[in-house]
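Take the sequence shown: its position 150, counting from 1, is numbered 150 in my numbering, and each next residue is one higher.
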Amino acid sequence: MKQFLTLIIISLFFSGCDQNNVTTKPGDKMFVATNFIKFDKKQEFENILLNEVMPSWYSYRDSVDEIHSLNQKAQNNMRIQKPVEMNQDSTWMFSMIADPFIDGANYSIIPPLRQKYGDDKAKEIYGRWNACFSKQGQNVFLVEEIDLKGK
Numbered sequence: 001m002k003q004f005l006t007l008i009i010i011s012l013f014f015s016g017c018d019q020n021n022v023t024t025k026p027g028d029k030m031f032v033a034t035n036f037i038k039f040d041k042k043q044e045f046e047n048i049l050l051n052e053v054m055p056s057w058y059s060y061r062d063s064v065d066e067i068h069s070l071n072q073k074a075q076n077n078m079r080i081q082k083p084v085e086m087n088q089d090s091t092w093m094f095s096m097i098a099d100p101f102i103d104g105a106n107y108s109i110i111p112p113l114r115q116k117y118g119d120d121k122a123k124e125i126y127g128r129w130n131a132c133f134s135k136q137g138q139n140v141f142l143v144e145e146i147d148l149k150g151k
């Protein structure tokens, strides 16, 4: 129920945004990930995300040119939001939104971590990343934009 409510809030937020900032069109898909972080791990998660995970994701070079091109499009459409207040259950929620979702692009952090840091360091980073999550963990959704104009 909590994840569903979170998804509705995120969807309503983006539905109410200035239309010049919305990149999806009705029928387009968006990828939404909600990350529930333990109360004492917010800063650690943010540091891992911004200083290790995202730099590896942005520098990732797929060996297949077509997939690499899709990845570059996905990189241009990714947005990340950090919490400004704690949830009632003492967790923090970071959200990641690919707007629009690029079918065939890589949205996993594992291949980029391996490519940038090697297997051993990637496992260590991924272990620290996972240790930040609360029981709710990460929830991933694929949603479709609804046409609200003229309704």
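By construction, the Cβ of each residue, glycine as well, lies at the ideal position given by its N, Cα and C atoms.
Residue burial classification, residue i (beta-carbon count within 10 angstroms, cutoff 16)
| i | result |
| --- | --- |
| Met93 | buried |
| Asn76 | exposed |
| Ser56 | buried |
| Lys116 | buried |
| Tyr60 | buried |
| Ala122 | buried |
CB of residue i within 9 Å of CB of residue j, strictly
| i | j | result |
| --- | --- | --- |
| Gln138 | Asn35 | yes |
| Gly27 | Glu124 | no |
| Trp129 | Phe45 | yes |
| Lys42 | Pro83 | yes |
| Ile146 | Tyr126 | no |
Closest residue to residue i among the options (Cα-Cα distance)
| i | options | result |
| --- | --- | --- |
| Val32 | Pro112, Gly118, Lys73 and Ala98 | Ala98 |
| Ile113 | Val53, Met30, Trp129 and Leu70 | Per the sequence presented here, residue 113 reads as Leu, with Ile not at that position. Closest by alpha carbon: Val53. |
| Met96 | Tyr60, Tyr117, Val84 and Ile80 | Ile80 |
| Ala105 | Ile37, Leu148 and Glu66 | Glu66 |
| Ala74 | Lys82, Asn87 and Phe101 | Phe101 |
Length of the line joining the Cα atoms of residue i and residue j
| i | j | result |
| --- | --- | --- |
| Ser108 | Leu50 | 15 Å |
| Asp89 | Gln136 | 11 Å |
| Asp62 | Glu85 | 37 Å |
Cβ neighbours of residue i in the same chain (closer than 8 Å, five flanking residues each side left out)
| i | result |
| --- | --- |
| Thr24 | Met30, Asp99, Pro100 and Glu145 |
Other residues of its chain near residue i: CB distance less than 7 Å, five sequence neighbours each side excluded
| i | result |
| --- | --- |
| Ser134 | Phe36, Ile37, Lys38 and Thr91 |
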